[in-house]
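Quick note, this note's numbering runs 67 ahead of the 1-based positions in the sequence shown.
No residue lacks a Cβ here, since even glycine has one placed at the ideal position from N, Cα and C.
Below: one structure, written as structure tokens.
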Amino acid sequence: MSALTRVSRKVVYTNPWLTVYEDRIKRSGKPGIYGIVERPDAVVISMISSGGSLLMLNSFRYPTGEWSLELPMGGIDPGESPTVAARRELHEETGLFCHDLQKRGWFYALPGLSDQKVHVFSGSFPEEGFSVGAAEQSEEDLGSTTSVATDRLGELYREGRITDSLTLCGLLIAGFRFS
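Encoded structure:
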């Protein structure tokens, strides 16, 4: 297969979180169009407690109109490293500070639509002294933190409670398996 060649690009839509482009392309000399969504790179963090529970967020997602159990995650700010972003997002969404974060890998969120990379981190926290439900409210996510036993991940997925692709890939890369 031949590569695509961009002939021109125009901005179709933009807001503070994303930009949508329509590229005029050529493939094998034939003209066409390609839509691209540009988003900042992101981080997703799996935090396991000393008791073996996974820290997750119960978030309402407007586009689907549904609640979703998700790992803490968010965008990397301009000039920010993935590690610094992971620490910041973890604190913003859960109230936790974590000094033992380990980078596990990365993946493209939707490579047919975007070049957004998602960096996967994991860490641990003491169960004592932390109460779930301490997440700060943000304007896009309405929900709270919750503790999930790792042996329930498969069940929660099959029930349709864990549906977010960044969470699913993050769990896989961090070494969790669904039974």
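Rounded straight-line distance, which links the Cα of residue j to that of residue i
i, j, result
"F243", "T217", "8 Å"
"P178", "Y88", "15 Å"
"D144", "D167", "21 Å"
"L121", "L180", "30 Å"
"R76", "T161", "39 Å"
Sheet register partners of residue i (DSSP bridge)
i, result
"E105", "T86"
"E137", "L124"
"T213", "M123"
"L71", "R94"
"I115", "L121 and S191"
Collapsed DSSP secondary structure at residue i in the structure displayed
i, result
"L163", "coil"
"P98", "strand"
"S246", "coil"
"R228", "coil"
Residue burial classification, residue i (beta-carbon count within 10 angstroms, cutoff 16)
i, result
"G200", "Confidence in G200 is poor, its pLDDT being 47 and thus under 50, which makes the residue's placement too unreliable to answer from."
"T212", "buried"
"T234", "buried"
"L9", "This structure gives no information on residue 9, because the portion of the chain shown stretches from 68 to 246."
Given 8 Å, three or more beta-carbon pairs between the region 92-105 and the region 115-126: no
Three or more C-beta pairs below 8 Å linking the region 146-155 and the region 224-231: no
Segment contact, 8 Å Cβ cut-off, at least three pairs: the region 88-97 with the region 171-179: no
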